[in-house]
Amino acid sequence: MKIFNYLNGIFYVLYGIFGAAMPKPMAGLMGWDPTLLGLHQIRAMWLLLAGLGAMCLLYTSKLADQKPMTLAIVFATLSILTGRLLGVVFDGAGPMQTYQEIGLEVVIITLGAFLYKRG
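Listed below in structure tokens is the structure:
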């Protein structure tokens, strides 16, 4: 569980820093053409991800029992997955990237749930 938690923390820190440091390329990856306010929003939201990743790293290193952190990561990933599924339902079929992200999130949730139950 500890490795799972560390890897998720590292991913969110790096992904968050990338989005905050380079919001235009990040927006381009997402298919957005943001206004100035949009760039500010991207920086804010991606720094939130970096902060959550830093919290994952900090608390993973301090916790003897990794179950609460693993459950938090599963819940956060499930929330992201739910948002994507709502997008597919309400907005229509997405591009291939949407389904690749859904697949990755299902794998992370399944692995996290397995590790949680095993722990």
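Going by the working numbering, the sequence shown opens with residue 51, and the numbers climb by one from there.
Where is the CB? At the ideal position from N, CA and C, for every residue including glycine.
Bear in mind that the values here come from a model prediction, so they are computed numbers and not experimental data.
Excluding sequence positions up to five away, which residues of its chain have a Cβ less than 8 Å from the Cβ of Thr110? Lys52, Asn55, Tyr56, Gly59, Gln116, Met119
State the CB to CB distance for the pair Ala100 and Ile67, rounded to an integer number of angstroms; the pair is presumed to be in contact (CB under 8 Å). 5 Å
Taking all protein chains shown into account, do 16 or more other C-beta atoms lie within 10 angstroms of the C-beta of Gly69, making it buried, or fewer, making it exposed? buried
On a CA-only basis, which of Ile130, Gln147, Ala126, Leu121 is nearest Gly169? Give me that one, please. Leu121
Count the CB pairs spanning the stretch 154 to 164 and the stretch 127 to 134 that are closer than 8 Å, and state whether there are at least three. yes
Local conformation of Gly142 per DSSP, three classes: coil
Outcome for Pro145 when other beta-carbon atoms lying within 10 angstroms are tallied against a minimum of 16: exposed
Residue burial classification, Tyr62 (beta-carbon count within 10 angstroms, cutoff 16): buried
Quick check on this structure: which residue in Met80, Lys74, Ala71, Tyr65 has the alpha carbon closest to the alpha carbon of Arg134? Met80
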